[in-house]
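Single-structure report; data block below.
In my numbering, the protein residues as written are 3 to 114.
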């Protein structure tokens, strides 16, 4: 994420919004078990970088966020880099070991 000036906490917001289109902060905090103050700082940073936009909410205290066009572009570009990196890692392993690794990762993901 370094080439894009992003941290893992920033990237979590990108991933969440890519799956949910838009969201308030509470569901993101709950999903990632993230402190609301930390998420608020992340959202402020992403808004300054013009990666997210705020949508109008019925309740003015509530912030609804969505990826901006620039944010969608960064998400796509970063995803390409991530997939390339993952492929490089997987290419170290033979096909059988790749299957074992992916099964282990699925298992770990289920338990988390």
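Every residue gets a Cβ at the ideal spot worked out from N, C-alpha and C, and that includes glycine.
| Query | Result |
| --- | --- |
| Rounded to a whole number of angstroms, what is the C-alpha to C-alpha distance between residue 59 and residue 110? | 37 Å |
| So, is residue 12 buried or exposed, given that buried needs 16 or more other C-beta atoms within 10 angstroms? | buried |
| Counting along the chain, where does the alpha helix (DSSP H) carrying residue 30 start and finish? | 27–34 |
| Exposed or buried, residue 67, counting other C-beta atoms within 10 Å across all chains shown (16 or more means buried)? | buried |
| Go through its chain and collect everything with a Cβ distance to residue 45's Cβ below 8 Å, but skip five positions before and after it. | 15, 27, 54, 65 and 67 |
| Can you list, in chain order, the residues of its chain with a C-beta nearer than 6 Å to that of residue 25? Leave out the 5 residues immediately preceding and following it. | none |
| In the DSSP output, which residue or residues are listed as bridge partners for residue 41? | Residue 41 pairs with nothing; no bridge assigned. |
| How would you label residue 30, buried or exposed, when you count the other beta carbons within 10 angstroms and need 16 or more for buried? | buried |
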